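Presented below is the structure to which this report refers.
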DNA sequence: AGCAAGACTTGATTTGTTCCAGACAAGCGG
DNA sequence: CCGCTTGTCTGGAACAAATCAAGTCTTGCT
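Residue numbers (this note's numbering), protein chains in the order written: chain A, 480 to 621; chain B, 480 to 621.
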């Protein structure tokens, strides 16, 4: 994803193109599942001084616009990733909190249909797999 | 679930039986998906003065012991429910945050197997359905 | 009944996040 | 290129959720 691609995405969503927004999208494209604090640090590396409010504002604005997806596994702080259309899921390490992408088991949202939906109108099924990552498994074995 | 049942469960898990722990388990049995703050209030209703720290400690201890399950949908605070063996899932209202139980789509944990697990050793698949509850849907329609 | 580990209390502290208000800067349509 | 609108900055302040620390009490074993 180039800076130009990011610009187009922003415009398509009716959002102005600013240095800060481009930086946030670029950072999250290169490093998915990043928490807010790390986003702030990385944004400053590529775009110079940016206030922490600006980053919070941008994350909120882009999430509302549907360009970002906010994920927050139990016990973790908020993390963000660029929203892509593939409806993928996540596997989280119980030991170190590492997150990896996993393709959807079926293919399109909602990829699962509950037996009894209690009258809810369901538009998405989010799956989180819990386990232990290879690194932590190796560390535990020794 | 009677107080005696709760006592047995605690002892089976090697935990001491205290007023606070019995109260927490009872409250969560009667009101699943309750957030920490509400647990504290309800515990105080049934068991008199209990420090908020004690409730946090109890929730942690019982979760570690496997008697409770902690759930935390994106954008929500931590909620707890008594852990039952049926591996059910949850449907969450995007509008008001209401949570309802949903039976597992397949039947046993892990009830879904990802195509590419990236070397992770997976022991559980947690599914969160997102949608709008009947109440909010009705309110939006009017 | 006595004892020690474990559980609880009190109170302060940290962490992540949001809100505020006014001044300034920048994007984009005309 | 001008001006309106939107976004960002400074920098505080406030917030709720959760955790830490030290001392006191209680449970359950002997």
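Glycine residues also receive a C-beta, built at the ideal position from the N, C-alpha and C atoms.
All of these numbers come straight from a predicted model, not from anything done at the bench.
- Item | Host alpha helix (DSSP H) of residue 504(A) (start-end) | 498 to 509
- Item | Closest by C-alpha distance to residue 509(A), when choosing among 525(A), 497(A) and 494(A) | Measuring from the Cα of residue 509(A), the nearest candidate turns out to be 525(A).
- Query: Is residue 560(A) near residue 511(A), with beta carbons less than 7 Å apart?
  - Reply: Yes, they are a contact pair.
- Using 10 angstroms around the beta-carbon of residue 614(A), count the other beta-carbons present and answer buried if the total reaches 16, otherwise exposed. Counting Cβ neighbours within 10 Å, residue 614(A) comes out exposed, since fewer than 16 surround it.
- Message: Just to make sure I have the definition right: I need the residues of chain A whose C-beta is within less than 7 Å of the C-beta of residue 575(B). Which are they?
- Response: Ordered by position in chain A, no residue passes the 7 Å Cβ test against residue 575(B), which lies about 11 Å from the chain.
- Query: In the DSSP assignment, what residue or residues form a beta bridge with residue 608(B)?
  - Reply: 604(A) and 570(B)
- Item | Contacts around residue 580(A), its chain only, beta-carbon distance under 6 Å, and the 5 residues preceding and following it disregarded | 567
- Message: Rounded to the nearest angstrom, what separates residue 484(A) and residue 563(A) at their Cα positions?
- Response: Spanning the two alpha carbons is a distance of roughly 14 Å.
- For residue 513(A), three-class secondary structure by DSSP: strand
- Message: Going by DSSP in three states, residue 529(B) sits in which element: helix, strand or coil?
- Response: coil
- Query: Cα separation between residue 492(A) and residue 544(A)?
  - Reply: 6 Å
- Task: Please state if the CB of residue 595(B) and the CB of residue 610(A) are separated by a distance shorter than 7 Å.
- Result: no
- Item | Neighbouring residues, chain B, relative to residue 582(A) (Cβ below 8 Å) | 593, 594 and 595
- Closer than 8 Å, Cβ to Cβ, to anything on chain B: give me those residues from the segment 529 to 560 of chain A, in chain order. 549, 550, 551, 552, 553, 554 and 557
- Message: Taking CB distances under 7 Å as the criterion, tell me whether residue 526(A) reaches chain B.
- Response: no
- Scan the segment 598 to 615 of chain A for residues whose Cβ lies nearer than 7 Å to a Cβ of chain B and list them as they occur along the chain. 598, 599, 600, 601, 602, 603, 604, 605, 606, 607, 608, 609, 610, 611, 612 and 613
- Task: Compute the beta-carbon to beta-carbon distance between residue 537(B) and residue 500(B), rounded to the nearest angstrom, for a pair I have assumed lies under 8 Å.
- Result: 5 Å
- Item | Own chain partners of residue 487(A) with C-beta closer than 6 Å, once the 5 adjacent residues on each side are dropped | none
- Give the C-beta separation of residue 551(A) and residue 553(B) to the nearest angstrom, bearing in mind that I take them to be a contact with Cβ-Cβ under 8 Å. 4 Å
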